[in-house]
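Okay, structure first, notes after.
There are 2 protein chains.
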Amino acid sequence: MRTREAARNSEAILAAAREVFLADARAPISAVAERAGVGISALYRRYPGKEDLLRTLCHDGLRRFIAEAEQAAAEPDDWAAFEAFLRGVVEADVHSLTVHLAGTFTPTAEMNTDAVRASELGDALFDRARGRMRAGVVPADVTMLLEMCAAVRVPGDPARTTELRRRYVTFLLDGLRAGGELPGPPPAEAEVNWRWRA
Amino acid sequence: MRTREAARNSEAILAAAREVFLADARAPISAVAERAGVGISALYRRYPGKEDLLRTLCHDGLRRFIAEAEQAAAEPDDWAAFEAFLRGVVEADVHSLTVHLAGTFTPTAEMNTDAVRASELGDALFDRARGRMRAGVVPADVTMLLEMCAAVRVPGDPARTTELRRRYVTFLLDGLRAGGELPGPPPAEAEVNWRWRA
DNA sequence: TTGAAACGGAACGAAGTGTTCCGTTCCGTA
DNA sequence: TACGGAACGGAACACTTCGTTCCGTTTCAA
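Chains as they are written, first to last, in the UniProt record's numbering: chain B, 1 to 198; chain U, 1 to 198.
Structure representation (structure tokens):
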């Protein structure tokens, strides 16, 4: 057998899938194979179909989100914990991985469980930091701000993309502390989670 | 002839195209016809092809951008002018109209001229307000922030979308004044204008 | 040496989409 | 009122794209 090559390809395929589908969630599967330097069959050997690959990618992102939240929660200072959480999530591009891919597949029950847990962890970190935030901000605002951050991209240059995102997370974190109450009704959870509709 | 119906349809088609293509720049032309309550031929009677419709839409957005900038420039107070400009551009969803559609068609020479003029007007407004901004912010940052704002959307509810965007423009405007220098090299013009590549 | 595991990529079929075309409907004019 | 052309709706056509299958080839542990 070709066990060495197989292991390398499994990694390459996941990495390629992340790059390709983050750039365009509707990209064809052949683009993933090409980017991975692999034939299409190498892909179908590992995943029954496109949807399963997308699901795996998204679920990985969700787990990464949870991991970031748990790690940040260990930080004793409330604001530092919140800041570490936001920066970690943006750094790992978790938001694109989860939110932009949701809707391209039918989620598993386990994913829903994890999604609930993720949101609970995020809310907990938010609550700890709430005292240092401007009035009227709600957790859904943070989701929205993360989504805005994910809109920052320099195509074909992932390194520069995260560099710029770091710039704007700083901007957003500053904005969460300064200023008075924001206008208009804050976003409802449903207005922010619409991609997870079954 | 059916001149009355024709006039109504011309309007309906443009409005439908805006709605449909803002929701998804890759939407099929049949979706536009459907949304407008019109047959496909009504569309092809007015535009030689899909690309021309997209181009018209985008150019309209560009002109709207210029109009907003010119109108805002009349405001005597420097910061008020800048704020009116940003709010106007976001309100009209000009950014989606221009940036999200760029690349789906080959631009005309006139569009390039207008794009240059638009950027000059924006820079002028920025320069007037620069004194009241945090250190190190550049015009390309504003482009990026507008792009982030355009990422805010509540699908199927345009009214709520602009309401939320108003919330976050306020947030961004506050952020532009508060805080110190932002980390990392600021975005280069090329990193922000990549969609206009010929 | 051998055969099972893994591979590359052509081929296939279904789905989607831009454009054309034609028969039909409407209405200003005579 | 009757006519004729402008405008219409949408089926049909001709691609293109993309997910998936299939098969001949390559590699390597036994």
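All C-beta atoms in this analysis are idealised placements derived from N, C-alpha and C, irrespective of residue type, glycine included.
Among the residues of its own chain, which have a CB less than 7 Å from the CB of Val38(U), if the five just before and after it don't count?
Once the five neighbours on either side are set aside, the close Cβ partners of Val38(U) are Asn9, Ala12, Ile13.
Can you tell me the Cα-Cα spacing of Met1(B) and Ala7(B), whole angstroms?
Answer to the nearest angstrom: the Cα atoms are 12 Å apart.
Please say whether Ile66(U) and Leu121(U) have beta carbons closer to each other than 8 Å?
Against a cut-off of 8 Å, the Cβ pair of Ile66(U) and Leu121(U) comes out as a contact.
Out of curiosity, what's the CA-to-CA distance linking Arg177(U) and Arg132(B)?
If I take the Cα positions, the gap works out to 19 Å.
Buried or exposed: which applies to Gly156(B), given that a residue is buried once 16 or more other Cβ atoms fall within 10 Å of its Cβ?
Burial call: exposed.
DSSP three-state call for Met1(U): helix, strand or coil?
Note: Met1(U) maps to coil in three-state DSSP.
Quick one, are the C-beta atoms of Trp194(U) and Ala115(U) less than 8 Å apart?
No. Outside cutoff.
Along chain U, in chain order, which residues have C-beta atoms closer than 9 Å to that of Met133(B)?
Near Met133(B) there are no residues of chain U at all, since even the closest Cβ is about 12 Å away, more than 9 Å.
Might you give, ordered along the chain, the residues of its own chain that have their beta carbon closer than 8 Å to the beta carbon of Cys149(B), omitting 5 neighbours on each side?
Hits under 8 Å: Val90, His95, Arg165, Tyr168, Val169, Leu172.
Looking at the secondary structure, which residues open and close the alpha helix (DSSP H) in which Arg55(B) lies?
That run of the alpha helix (DSSP H) goes 50 to 73.
What alpha helix (DSSP H) runs, 4 residues minimum, are completely inside the stretch 68 to 120 of chain U?
Listed in chain order, the complete alpha helix (DSSP H) runs (minimum 4 residues) inside the stretch 68 to 120 of chain U are 78 to 91.
Does Ala69(U) come within less than 8 Å of chain B when only Cβ atoms are used?
No, no contact with chain B.
Less than 7 Å between C-beta atoms, sequence neighbours within five positions excluded: which residues of the same chain meet that for Glu75(U)?
Around Glu75(U): Ala81, Ala84.
Going along chain U in order, which residues have a C-beta closer than 7 Å to the C-beta of Pro107(B)?
The contacting residues do not exist; Pro107(B) stays about 18 Å from chain U at best.
Tell me whether Pro139(B) sits in a helix, a strand or coil according to DSSP, three-state version.
Three-state result, Pro139(B): helix.
Mind checking Glu98(U): buried by the 16 CB within 10 Å criterion, or exposed?
Correcting the residue type first, residue 98(U) is Thr in the shown sequence and not Glu. Buried, by the Cβ-count rule.
Is it buried or exposed for Arg4(B), if we count other Cβ within 10 angstroms and need 16 for buried?
The residue in question, Arg4(B), is exposed, as its Cβ has fewer than 16 Cβ neighbours within 10 Å.
Using C-beta distances below 8 Å, list every residue in its chain close to Val152(U), excluding the 5 sequence neighbours before and after it, in chain order.
Answer for Val152(U): Thr161, Leu164, Arg165, Tyr168, listed in chain order.
Could you check whether the Cβ of Phe21(U) sits closer than 8 Å to any Cβ belonging to chain B?
So no, Phe21(U) is outside the interface.
How long is the line joining the alpha carbons of Arg134(U) and Pro183(U), rounded to whole angstroms?
Going from the Cα of Arg134(U) to the Cα of Pro183(U) covers about 12 Å.
Can you find the residues in the same chain that come closer than 6 Å, C-beta to C-beta, to Glu51(U), ignoring five residues on each side of it along the sequence?
The residues are Phe105.
Am I right that Asp141(U) and Pro186(U) are in contact with their C-beta atoms under 8 Å? What's the rounded C-beta distance?
6 Å between Cβ atoms; contact.
Can you confirm whether Met144(B), when its beta carbon is compared against all beta carbons of chain U, has any partner nearer than 8 Å?
At least one chain U Cβ lies under 8 Å of Met144(B).
If the cut-off is 8 Å on Cβ atoms, which residues from the stretch 83 to 111 of chain B count as contacting chain U, listed in chain order?
Within the stretch 83 to 111 of chain B, no residue has a Cβ that lies closer than 8 Å to any Cβ of chain U.
Taking only the alpha-carbon atoms, compute the straight-line gap between Ala188(B) and Ala109(U) and give it to the nearest angstrom.
If I take the Cα positions, the gap works out to 44 Å.
Indicate the three-state DSSP secondary structure (helix, strand or coil) for Val20(B) in the structure shown.
Note: Val20(B) maps to helix in three-state DSSP.
DSSP three-state label for Met148(B), please.
In this structure, Met148(B) counts as helix in the three-state DSSP scheme.
Any idea what DSSP makes of Pro158(U), helix, strand or coil?
Three-state result, Pro158(U): helix.
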